[in-house]
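A.B. asks: Here it is: the structure, laid out below.
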Amino acid sequence: MGSSVRPRHWPGRGAVPPLTFATNRSVLHGTDAVQRIFAAPKSTTVHEPNDLPSLPYETQVGTSVEQALEWLIAGETVALPTETVYGLAGNALDAQSVARIFAAKNRPSFDPLLVHVDCVASARKYAELPDWVAAALEKNGPGPLTFVVPKKDCIPDLVTSGLPTVGIRIPNHPLFLDVLRQLPFPLAAPSANPFGYISPTTAQHVLDQLYGKIPYILDGGACAIGVESTIVDATLPIPTVVRLGGTTVEQVEALLGRTVDVRTHSSSRPQAPGLLESHYAPRIPLILVDEHEVVEVPCGWAVVGYRNIAHWIQVDPNRSWLLTPQNNDCEAAANLFAFLRAADSSGAQGIVASRAPHRGLGPAINDRLQRAAHFPG
Ligand code: TXA
Ligand code: MG
Numbered sequence: 045m046g047s048s049v050r051p052r053h054w055p056g057r058g059a060v061p062p063l064t065f066a067t068n069r070s071v072l073h074g075t076d077a078v079q080r081i082f083a084a085p086k087s088t089t090v091h092e093p094n095d096l097p098s099l100p101y102e103t104q105v106g107t108s109v110e111q112a113l114e115w116l117i118a119g120e121t122v123a124l125p126t127e128t129v130y131g132l133a134g135n136a137l138d139a140q141s142v143a144r145i146f147a148a149k150n151r152p153s154f155d156p157l158l159v160h161v162d163c164v165a166s167a168r169k170y171a172e173l174p175d176w177v178a179a180a181l182e183k184n185g186p187g188p189l190t191f192v193v194p195k196k197d198c199i200p201d202l203v204t205s206g207l208p209t210v211g212i213r214i215p216n217h218p219l220f221l222d223v224l225r226q227l228p229f230p231l232a233a234p235s236a237n238p239f240g241y242i243s244p245t246t247a248q249h250v251l252d253q254l255y256g257k258i259p260y261i262l263d264g265g266a267c268a269i270g271v272e273s274t275i276v277d278a279t280l281p282i283p284t285v286v287r288l289g290g291t292t293v294e295q296v297e298a299l300l301g302r303t304v305d306v307r308t309h310s311s312s313r314p315q316a317p318g319l320l321e322s323h324y325a326p327r328i329p330l331i332l333v334d335e336h337e338v339v340e341v342p343c344g345w346a347v348v349g350y351r352n353i354a355h356w357i358q359v360d361p362n363r364s365w366l367l368t369p370q371n372n373d374c375e376a377a378a379n380l381f382a383f384l385r386a387a388d389s390s391g392a393q394g395i396v397a398s399r400a401p402h403r404g405l406g407p408a409i410n411d412r413l414q415r416a417a418h419f420p421g
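Start counting at 1 in the sequence shown, then tack on 44, and there's your number in the numbering used here.
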């Protein structure tokens, strides 16, 4: 258990609290809460994790799929492991369950959620899959790849923030798949971090950030890949990668048998609203540099290097991490968020991080670092 764990009053497992969302000023109930959350003013403010509204849970961490199922069937949210990052899951067909996800994450309602299913047949129930997308998903199998496709009416507008499209993903983690196969509904699941903060790759990361906000975290160990899924917009004339992630662009092209566009630039009002300039951000400033440069680290700053920073000056050995001494992009991706978190909570005043080489998962890693470096004044 992390240092942030505090005992709370809790009516006991199985007793699901009424749907209330405590905010700084008031407590919202039932549909009021859903409407207020859905109608919340559009804002790109990145909230401090401690600003999150309190909910009266004594968060449990465990390996019980049954317990996760109980909470999900009761309309609650549960953090589940995927091969990319931990997700905060809820019933994608139930607007109230989805509203709980937005509330726990302090996520603005204009940022749509991905919908997770266990197979292509299931995906077809909730979205209009072009044949080439269905074929690609069948061929790829579960994995770090999401397709944006037209949604069907059964997916509430709250899930997609009013967009007519939905991101569909088949996650490749045995526990997540086990949960999905036993549920009669798909799972909406964003990364299980407070909005704008670094994504979680262990159950402890989730606990550190969402303790008290959710009832249960299903512990599936550290995430193997470590960066989120690659998102391909299949509604455009040319399939377009709108988020770099755990499947490389080359792998997407090989899977689809054609070239794709890559459009991952961001703006303050993007079509893929979560792709904001400032995202994955530590609480302290982050400066991004090229590793081969001779960098003089400011006094009191932490360092997250890529492979070799022996030539850097004034590195504090107690506050420095190397993503991959072996120069392996998969290892670097798997370590990225954990090391950023460690640096962020090391008491340092800032972080100097180095870019990854432009191969394999390097571009996805650099995308995260670039957004982490966009420190909001
Ligand atoms: O690996 C992953 O994809 C993880 C795990 C939990 O599955 N999920 C994840 O979800 O990263 P999230 O919500 O943190 O990021 C999803 C991104 C957001 O930037 C969101 O704006 C974008 O996908 N998105 C969701 N639905 C979309 C849609 N219909 N069109 C365009 N972008 C969409
Ligand atoms: Mg996220």
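All C-beta atoms, glycine included, are put in the ideal place defined by N, C-alpha and C. This one's a predicted model, so the numbers in the text were calculated from it and none came from an experiment.
(1) What whole-angstrom Cβ distance do residue 234 and residue 157 have, given they're in contact under 8 Å?
(2) Between residue 196 and residue 212, what straight-line distance do the alpha-carbon atoms span, to the nearest angstrom?
(3) With residue 249 as the anchor, note down where its alpha helix (DSSP H) starts and where it stops.
(4) Buried or exposed: residue 362, going by 16 or more other Cβ atoms within 10 Å of its Cβ?
(5) According to DSSP, is residue 375 helix, strand or coil?
(6) Within the present structure, is the beta-carbon of residue 234 separated from the nearest heavy atom of the ligand MG by less than 8 Å?
(7) Measure from the C-beta of residue 415 to each C-beta in chain D and report whether the shortest distance is under 9 Å.
(8) Work out the CA separation of residue 205 and residue 154 for me, nearest whole Å.
(9) To the nearest angstrom, report how far apart residue 251 and residue 102 are at their CA atoms.
(10) Using a Cβ distance threshold of 8 Å, determine whether the segment 257-271 contacts the segment 121-139, with at least three qualifying pairs required.
(11) With contact counted as at least three CB pairs below 8 Å, one residue from each stretch, are the segment 334-344 and the segment 370-378 in contact?
(12) By how many angstroms is the C-alpha of residue 164 removed from the C-alpha of residue 181?
(13) Who are the Cβ neighbours of residue 332 in its own chain at under 7 Å, not counting the five residues just before and after it?
(14) From this set, 107, 108, 306, 224, which residue's C-alpha is nearest residue 280's C-alpha?
(15) Is the beta carbon of residue 42 sitting closer than 9 Å to the one on residue 231?
(16) Tell me whether residue 127, by its Cβ, gets closer than 8 Å to a heavy atom of the ligand MG.
(17) Between the C-alpha atoms of residue 88 and residue 301, what's the straight-line distance to the nearest angstrom?
(18) Helix, strand or coil: how does DSSP classify residue 195 here?
(19) In three-state DSSP terms, what is residue 370?
(20) In the DSSP output, which residue or residues are listed as bridge partners for residue 213?
(21) Taking Cβ positions, are residue 407 and residue 264 nearer each other than 9 Å?
C.D. replies: From the atom records:
(1) As a first step, residue 234 is located in the sequence shown; it is residue number 190 there, counting from the start. As a first step, residue 157 is located in the sequence shown; it is residue number 113 there, counting from the start. Yes, they are in contact, since the Cβ atoms of residue 234 and residue 157 sit about 5 Å apart, within 8 Å.
(2) Taking the sequence shown and counting its residues from 1, the one referred to as residue 196 is at position 152. Taking the sequence shown and counting its residues from 1, the one referred to as residue 212 is at position 168. Looking at the two C-alpha atoms, the distance is approximately 12 Å.
(3) Looking up residue 249 in the sequence shown gives position 205. Taken as a continuous stretch (DSSP letters only), the alpha helix (DSSP H) holding residue 249 covers 247-254.
(4) On the sequence shown, residue 362 is found 318 positions in, with the first residue counted as 1. Taking every protein chain shown into account, the CB of residue 362 has fewer than 16 other CB atoms within 10 angstroms, so this residue is exposed.
(5) Walking along the sequence shown from the start, residue 375 turns up at place 331. Helix, per DSSP.
(6) The residue you call residue 234 lines up with position 190 of the sequence shown. Residue 234 Cβ: within cutoff of the ligand MG.
(7) Protein chain content of the structure displayed is limited to a single chain, and chain D is not contained in it.
(8) Indexing the sequence shown from 1 puts residue 154 at position 110. Indexing the sequence shown from 1 puts residue 205 at position 161. Taking the straight line from one Cα to the other gives about 5 Å.
(9) Within the sequence shown, numbered from 1, the residue matching residue 251 stands at position 207. Within the sequence shown, numbered from 1, the residue matching residue 102 stands at position 58. Whole-angstrom Cα-Cα distance: 10 Å.
(10) By the Cβ test, the segment 257-271 is in contact with the segment 121-139, since at least three Cβ pairs between them sit closer than 8 Å.
(11) no
(12) As a working note, residue 181 is residue 137 in the sequence shown. As a working note, residue 164 is residue 120 in the sequence shown. Going from the Cα of residue 181 to the Cα of residue 164 covers about 7 Å.
(13) Residue numbering aside, residue 332 sits at position 288 when the sequence shown is read from its first letter. Within the same chain, residue 332 has close Cβ partners 397, 399, 413, 414, 417.
(14) To locate residue 280, count along the sequence shown from 1; it is residue 236. It is 306 whose Cα lies nearest to the Cα of residue 280.
(15) Outside the shown range of the chain, which is 45 to 421, sits residue 42, and nothing can be said about it.
(16) Within the sequence shown, numbered from 1, the residue matching residue 127 stands at position 83. Result no, Cβ not under 8 Å from the ligand MG.
(17) The residue you call residue 88 lines up with position 44 of the sequence shown. The residue you call residue 301 lines up with position 257 of the sequence shown. With a pLDDT of only 32 at residue 88, under 50, the local geometry of the prediction cannot be trusted, and no value is derived from it.
(18) Your numbering for residue 195 matches position 151 in the sequence shown. Residue 195: strand per DSSP, three-state reduction.
(19) By 1-based counting over the sequence shown, the position of residue 370 is 326. Reduced to three states, the DSSP call for residue 370 is coil.
(20) As a working note, residue 213 is residue 169 in the sequence shown. According to DSSP, which records beta bridges pairwise, residue 213 is partnered with 160, 190.
(21) Position 363 of the sequence shown holds residue 407. Position 220 of the sequence shown holds residue 264. Not a contact, by the Cβ cut-off of 9 Å.
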